[in-house]
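All remarks here apply to the structure that follows.
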Amino acid sequence: MVTREKFTPTAVEGSKLFITIAAMLSSLMAVLDISIVNVALNDIRASFGVQMDQIAWVSTGYMMANIVVIPMTGWFQRRFGLKNYFLFSLCIFTISSLLCALSWNLISLVFFRILQGMGGGAIIPTASTIMLSRYPKEEQGMAQAFIGLGAITGPLLGPTVGGYLIDFSSWHLIFLINLPIGLLCLFVAMMSIKVPNFIPSQQQLDRYGFLLLAVGLSCLQYVLEEGNRDDWFESHIITFLSIISLTCLVTLIFQQLESKEPMIDFRVFINRNYALCTFINFILGTTLFGGSFLFSLYCGNVMNYAPLDIGLLFLKGTCIQIIMMPLVGKLVNVIDKRILIAFGVIVVFFSLWKNSHLTANSSEGALIFVLFLRALGLGCLFIPLSITAIAFVKPKELGNALGLFNLTRELGGSIGLAWMSSQLVNHVKEYNVTLGSHIVNGLPVVDQQLRLMQFLFYGKTEHPQQAAYQLMQNRINLQATVESFNKGFLILSLVFLTSLILLILIEKPKKGATPVEGMH
Numbered sequence: 473m474v475t476r477e478k479f480t481p482t483a484v485e486g487s488k489l490f491i492t493i494a495a496m497l498s499s500l501m502a503v504l505d506i507s508i509v510n511v512a513l514n515d516i517r518a519s520f521g522v523q524m525d526q527i528a529w530v531s532t533g534y535m536m537a538n539i540v541v542i543p544m545t546g547w548f549q550r551r552f553g554l555k556n557y558f559l560f561s562l563c564i565f566t567i568s569s570l571l572c573a574l575s576w577n578l579i580s581l582v583f584f585r586i587l588q589g590m591g592g593g594a595i596i597p598t599a600s601t602i603m604l605s606r607y608p609k610e611e612q613g614m615a616q617a618f619i620g621l622g623a624i625t626g627p628l629l630g631p632t633v634g635g636y637l638i639d640f641s642s643w644h645l646i647f648l649i650n651l652p653i654g655l656l657c658l659f660v661a662m663m664s665i666k667v668p669n670f671i672p673s674q675q676q677l678d679r680y681g682f683l684l685l686a687v688g689l690s691c692l693q694y695v696l697e698e699g700n701r702d703d704w705f706e707s708h709i710i711t712f713l714s715i716i717s718l719t720c721l722v723t724l725i726f727q728q729l730e731s732k733e734p735m736i737d738f739r740v741f742i743n744r745n746y747a748l749c750t751f752i753n754f755i756l757g758t759t760l761f762g763g764s765f766l767f768s769l770y771c772g773n774v775m776n777y778a779p780l781d782i783g784l785l786f787l788k789g790t791c792i793q794i795i796m797m798p799l800v801g802k803l804v805n806v807i808d809k810r811i812l813i814a815f816g817v818i819v820v821f822f823s824l825w826k827n828s829h830l831t832a833n834s835s836e837g838a839l840i841f842v843l844f845l846r847a848l849g850l851g852c853l854f855i856p857l858s859i860t861a862i863a864f865v866k867p868k869e870l871g872n873a874l875g876l877f878n879l880t881r882e883l884g885g886s887i888g889l890a891w892m893s894s895q896l897v898n899h900v901k902e903y904n905v906t907l908g909s910h911i912v913n914g915l916p917v918v919d920q921q922l923r924l925m926q927f928l929f930y931g932k933t934e935h936p937q938q939a940a941y942q943l944m945q946n947r948i949n950l951q952a953t954v955e956s957f958n959k960g961f962l963i964l965s966l967v968f969l970t971s972l973i974l975l976i977l978i979e980k981p982k983k984g985a986t987p988v989e990g991m992h
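Numbers in our numbering are just positions in the sequence shown, counted from 1, shifted up by 472.
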């Protein structure tokens, strides 16, 4: 055991098996909740009798609280200890899940979802810190693999489990399902996690810094969630909140950098490998969330899949990640992590590029294949990227570093969703105008197609010419939609490929003990 630095989380002791179970299940629960709730939004809207733009606050409220808490995890861990903060987060999440199920109107549900987001935002970074503090250096790849298994299984199971629960009962069950998992995690964590030498930090909460953080990130999340619906900067509210967000976040960065005891230590970005890996993580979040958003909409709007069918499709195509995570957890000790990251980037790029060639007649096998490729690449990417990022991070900075690392992926995801949502709308309009102009201009090939279509309606309708024109217009709309999805996937594939440029700049960690090893 190495000498502890004052006011650090210190090493975690206890059964690795039970600590791993608690960390995996809690990560699964936190991520599952996000994807499972999205499936139930229509049922919740019908239950409360509200508009679609209002029900969006069920997701927006959670994400706003989630994204504010994540960068604060380092300070909370130093102040209250890893075990205490982990148990507190689990309690908040579990109790608020019950309250969500008991909600009597939309306002109460959004309020309880904000509480749930406060608990959920801390679970994964704190569970990661606990696992890395408990496992020795040579086993930290497997530690990240176990956390990754919980985190990736949630999005795989969410749509499928949510669809089944709603069909079986009602939307209330999607929140109640968290109770047994949360209580089990609380019991196992309480009995197994031990931090015997923890010395709490006496650093007081930076109220001004916290206010800047909360206002800045909340406004940013609102802008990203609602910007497309409000036509972005055509809306005075979006413009105003964007200015507020930018002002608060820039002020926060300078204020924390000048502080002797910062609440959020941005100096960790001086670490070259950490900064580069965190930027790659941001790009990963942008393409992963943006790509999943496009693929789900493509399956629903173009292929006419039901929500449950989309969930099953994701489950079939991405279950390979469950196999890849433990395998890569072993490989990181054998193969240069940069090689694994490069392989993952290339495979994910190829999957997105294949997505950009889908048609309205693509088979289910083709869809599963692109999902399989993406899952294979991500399975090779997550663990070596996070291990490389924290390789030279000091033990006392681990919680802060992991919080910022997770925050960048979440921010990237929010930006990816907003960006692709806006791009999709604009591209559909653009392609509709371009393709529709062929009808207006009376191109010979189009006129010939219209005449052939009219024959289909002779004797079936009084206006075969109008029916043929409507059929042609429907085909143009469909083709414009497909082309718009393809362009979105192509843009994401090229953006993701830029990760290779950053990867070249990453230094290979030298053999021997790393600072993180001292946590054990």
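Glycine included, every Cβ here is placed at the ideal spot set by N, Cα and C.
Whole-angstrom C-beta distance between residue j and residue i, which should lie under 8 Å
i, j, result
"Trp-643", "Asp-515", "5 Å"
"Ile-619", "Met-603", "6 Å"
"Thr-812", "Leu-803", "Sequence check: residue 812 is Leu here, not Thr. About 6 Å separates the two Cβ atoms, so the contact holds."
"Ser-664", "Ser-487", "5 Å"
"Glu-697", "Thr-566", "Their Cβ separation, rounded to whole angstroms, is 26 Å, which puts Glu-697 and Thr-566 out of contact at 8 Å."
"Val-530", "Val-509", "7 Å"
"Gln-616", "Gly-801", "7 Å"
"Gln-675", "Arg-551", "7 Å"
Sequence-distant residues of its chain with Cβ nearer than 6 Å to residue i (five each side left out)
i, result
"Thr-977", "The question names Thr, but residue 977 is Leu in the sequence shown. Around Leu-977: Leu-748."
"Ser-823", "Val-842, Leu-845 and Arg-846"
"Asn-743", "Phe-864"
"Tyr-770", "Phe-957"
"Ser-714", "Val-695"
"Trp-825", "Ser-965"
"Ser-561", "Gly-591, Ala-594 and Ile-595"
"Leu-969", "Phe-821"
Residue nearest to residue i in terms of C-alpha spacing, selected from the options
i, options, result
"Ser-507", "Leu-780, Leu-966 and Asn-556", "Leu-780"
"Ile-855", "Ser-886, Phe-815 and Val-687", "Phe-815"
"Val-740", "Ser-835, Gly-626, Ala-863 and Ala-832", "Ala-863"
"Ile-527", "Ile-539, Lys-866, Phe-583 and Asn-958", "Phe-583"
"Val-806", "Glu-611, Val-541 and Ile-542", "Glu-611"
"Leu-683", "Asn-650, Ala-778 and Met-735", "Met-735"
"Ala-512", "Ile-973, Val-633 and Gly-871", "Val-633"
"Pro-543", "Gly-592, Ala-518 and Asn-872", "Asn-872"
"Ser-965", "Phe-548, Ile-755 and His-899", "Ile-755"
"Gly-591", "Phe-548, Cys-852, His-829 and Thr-719", "Phe-548"
"Arg-810", "Leu-974, Thr-953 and Met-775", "Leu-974"
"Leu-950", "Leu-559, Phe-968 and Ala-832", "Ala-832"
"Pro-668", "Leu-554, Glu-902, Ala-952 and Arg-517", "Leu-554"
"Leu-628", "Asn-776, Ile-638, Leu-962 and Leu-787", "Leu-787"
"Ser-717", "Gly-688, Val-954, Leu-850 and Met-775", "Gly-688"
"Val-900", "Arg-881, Val-774 and Gly-888", "Val-774"
"Leu-972", "Val-820, Val-522 and Ser-641", "Val-820"
"Tyr-557", "Arg-947, Thr-598 and Arg-585", "Thr-598"
"Thr-545", "Arg-701, Glu-869 and Thr-953", "Glu-869"
"Ala-686", "Met-536, Leu-857 and Glu-485", "Met-536"
"Gly-593", "Phe-961, Asp-702 and Gly-875", "Gly-875"
"Asp-639", "Ala-778, Phe-761 and Thr-719", "Ala-778"
Close-in-space but distant-in-sequence residues of the same chain around residue i (CB under 7 Å, 5 per side omitted)
i, result
"Lys-478", "Any reading at Lys-478 needs caution, since the residue's pLDDT is 42, under 50, leaving its predicted position unreliable; the model's value is listed next. Hits under 7 Å: Ile-671."
"Leu-784", "Thr-632"
"Phe-659", "none"
"Gly-626", "Leu-500, Val-503, Leu-504 and Ser-507"
"Phe-738", "Ile-725, Gln-728 and Leu-729"
"Thr-711", "Phe-705"
"Met-662", "Leu-559"
"Phe-520", "Asn-577 and Leu-578"
Paired residues, beta bridge with residue i - DSSP
i, result
"Glu-485", "Lys-666"
Contact set for residue i: own chain, Cβ-Cβ below 8 Å, skip 5 residues either direction
i, result
"Asn-745", "Thr-860, Ala-861, Ala-863, Phe-864, Ile-978, Glu-979 and Pro-981"
"Val-967", "Ile-755, Thr-758 and Thr-759"
"Glu-836", "Leu-785"
"Asp-808", "Lys-980"
Heavy atom of the ligand ATP within 6 Å of residue i beta-carbon
i, result
"Phe-584", "This structure lacks the ligand ATP; in fact it carries no ligand of any kind."
> Do three or more CB pairs link the region 827 to 842 to the region 887 to 900 at distances below 8 Å?
Replying inline: no
>> Assess contact between the region 561 to 581 and the region 635 to 652, defined as three or more Cβ pairs (one per stretch) separated by less than 8 Å. Is contact present?
In response: yes
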